[in-house]
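Numbering (the working numbering), first residue to last: 1458 to 1588.
Some notes on the structure that comes next.
So, in C-alpha coordinates, the structure goes:
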(Lines of atoms letter the chains of each structure in order from A and count residues from 1; the text may use other names and numbers.)
(Lines give C-alpha, C1' and ligand atoms only; values in the text may rest on other atoms or scores of the structure.)
Protein backbone atom coordinates (compact mmCIF):
# COMPACT_ATOMS: atom_id res chain seq x y z
CA UNK A 1 0.00 0.00 0.00
CA UNK A 2 1.41 3.41 -1.00
CA UNK A 3 1.17 6.36 1.30
CA UNK A 4 0.14 9.74 -0.03
CA UNK A 5 2.89 12.31 0.30
CA UNK A 6 1.32 15.81 0.56
CA UNK A 7 4.64 17.66 0.31
CA UNK A 8 4.97 17.82 -3.52
CA UNK A 9 1.45 19.26 -3.90
CA UNK A 10 2.08 21.68 -1.04
CA UNK A 11 5.37 22.80 -2.59
CA UNK A 12 3.72 23.41 -5.97
CA UNK A 13 0.91 25.42 -4.32
CA UNK A 14 3.38 27.48 -2.33
CA UNK A 15 5.49 28.15 -5.42
CA UNK A 16 2.39 29.22 -7.36
CA UNK A 17 1.33 31.64 -4.58
CA UNK A 18 4.81 33.18 -4.44
CA UNK A 19 4.92 33.56 -8.23
CA UNK A 20 1.48 35.18 -8.38
CA UNK A 21 2.39 37.63 -5.63
CA UNK A 22 5.23 39.00 -7.79
CA UNK A 23 3.06 39.59 -10.84
CA UNK A 24 2.52 43.32 -10.93
CA UNK A 25 -0.84 44.79 -11.75
CA UNK A 26 -0.82 48.01 -13.70
CA UNK A 27 -2.38 51.01 -12.03
CA UNK A 28 -5.63 52.49 -13.32
CA UNK A 29 -5.15 55.05 -16.08
CA UNK A 30 -6.85 58.42 -15.56
CA UNK A 31 -7.26 60.71 -18.56
CA UNK A 32 -8.48 64.28 -17.93
CA UNK A 33 -9.80 66.23 -20.91
CA UNK A 34 -11.22 69.17 -18.92
CA UNK A 35 -10.10 71.39 -17.33
CA UNK A 36 -6.81 71.73 -19.15
CA UNK A 37 -3.59 72.71 -17.41
CA UNK A 38 -2.97 76.46 -17.00
CA UNK A 39 -6.46 77.48 -18.16
CA UNK A 40 -7.69 80.64 -16.44
CA UNK A 41 -11.34 80.92 -15.37
CA UNK A 42 -13.30 83.97 -14.26
CA UNK A 43 -15.36 84.23 -11.09
CA UNK A 44 -18.62 82.24 -11.45
CA UNK A 45 -17.51 80.46 -14.63
CA UNK A 46 -18.79 76.91 -14.98
CA UNK A 47 -15.81 74.57 -14.79
CA UNK A 48 -16.44 71.19 -16.36
CA UNK A 49 -14.60 68.11 -15.13
CA UNK A 50 -14.45 65.56 -17.92
CA UNK A 51 -12.33 62.47 -17.45
CA UNK A 52 -12.08 58.75 -18.01
CA UNK A 53 -10.63 55.97 -15.89
CA UNK A 54 -9.65 52.53 -17.17
CA UNK A 55 -8.29 49.63 -15.18
CA UNK A 56 -7.41 45.97 -15.73
CA UNK A 57 -9.27 45.20 -12.51
CA UNK A 58 -12.63 46.36 -11.21
CA UNK A 59 -12.61 49.86 -9.78
CA UNK A 60 -13.90 50.40 -6.26
CA UNK A 61 -13.99 54.10 -5.39
CA UNK A 62 -13.09 56.99 -7.66
CA UNK A 63 -12.37 60.31 -5.95
CA UNK A 64 -12.61 63.70 -7.66
CA UNK A 65 -11.35 66.74 -5.72
CA UNK A 66 -10.58 70.35 -6.51
CA UNK A 67 -8.61 72.33 -3.94
CA UNK A 68 -7.25 75.86 -3.73
CA UNK A 69 -3.46 75.81 -3.82
CA UNK A 70 -3.40 78.96 -1.68
CA UNK A 71 -4.80 77.36 1.46
CA UNK A 72 -5.68 73.75 0.47
CA UNK A 73 -9.37 74.44 1.01
CA UNK A 74 -11.72 72.07 -0.77
CA UNK A 75 -13.68 73.66 -3.61
CA UNK A 76 -15.32 70.55 -5.06
CA UNK A 77 -15.38 66.90 -4.01
CA UNK A 78 -17.26 63.86 -5.17
CA UNK A 79 -16.73 60.15 -4.69
CA UNK A 80 -18.08 57.47 -7.03
CA UNK A 81 -18.49 53.78 -6.23
CA UNK A 82 -18.05 51.36 -9.11
CA UNK A 83 -17.39 47.69 -9.81
CA UNK A 84 -16.72 48.25 -13.49
CA UNK A 85 -13.21 48.40 -14.95
CA UNK A 86 -13.87 51.77 -16.61
CA UNK A 87 -15.72 54.95 -15.78
CA UNK A 88 -16.49 58.35 -17.32
CA UNK A 89 -16.75 61.51 -15.26
CA UNK A 90 -18.84 64.45 -16.45
CA UNK A 91 -19.30 66.88 -13.54
CA UNK A 92 -19.13 70.63 -13.07
CA UNK A 93 -18.85 73.31 -10.42
CA UNK A 94 -19.07 77.10 -10.39
CA UNK A 95 -15.78 78.93 -9.79
CA UNK A 96 -16.14 80.49 -6.31
CA UNK A 97 -12.72 82.18 -6.13
CA UNK A 98 -12.95 85.95 -5.65
CA UNK A 99 -9.17 86.28 -5.52
CA UNK A 100 -6.67 85.38 -8.19
CA UNK A 101 -5.22 81.95 -7.48
CA UNK A 102 -4.52 78.42 -8.58
CA UNK A 103 -6.64 75.32 -8.16
CA UNK A 104 -5.70 71.66 -8.47
CA UNK A 105 -8.01 68.92 -9.73
CA UNK A 106 -7.07 65.43 -8.50
CA UNK A 107 -8.69 62.22 -9.68
CA UNK A 108 -7.65 58.88 -8.25
CA UNK A 109 -8.99 55.48 -7.31
CA UNK A 110 -9.15 53.85 -3.89
CA UNK A 111 -9.30 50.05 -3.74
CA UNK A 112 -10.92 47.73 -1.20
CA UNK A 113 -7.57 47.81 0.61
CA UNK A 114 -8.00 51.62 0.95
CA UNK A 115 -4.81 52.21 -1.08
CA UNK A 116 -4.76 55.08 -3.54
CA UNK A 117 -3.82 54.38 -7.17
CA UNK A 118 -3.80 55.98 -10.60
CA UNK A 119 -3.63 59.59 -9.44
CA UNK A 120 -3.77 62.34 -12.05
CA UNK A 121 -3.59 66.07 -11.23
CA UNK A 122 -4.26 69.17 -13.30
CA UNK A 123 -3.50 72.72 -12.12
CA UNK A 124 -5.59 75.63 -13.47
CA UNK A 125 -6.44 79.05 -12.08
CA UNK A 126 -8.96 81.78 -11.40
CA UNK A 127 -8.52 85.39 -12.47
CA UNK A 128 -10.58 86.44 -9.44
CA UNK A 129 -13.22 89.10 -9.14
CA UNK A 130 -13.31 91.86 -11.73
CA UNK A 131 -12.79 95.34 -10.30
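By construction, the Cβ of each residue, glycine as well, lies at the ideal position given by its N, Cα and C atoms.
Cβ pair residue 1507, residue 1490 closer than 8 Å: yes
Beta-carbon proximity list for residue 1569, same chain, < 6 Å, skipping 5 on both sides: 1517
Check whether residue 1499 and residue 1584 have beta carbons under 8 Å apart: yes
Distance between residue 1483 and residue 1586 (C-alpha atoms, nearest Å): 43 Å
Between the CA atoms of residue 1539 and residue 1561 - distance to the nearest angstrom: 24 Å
Bridge partners - residue 1564, DSSP secondary structure assignment: 1521, 1577
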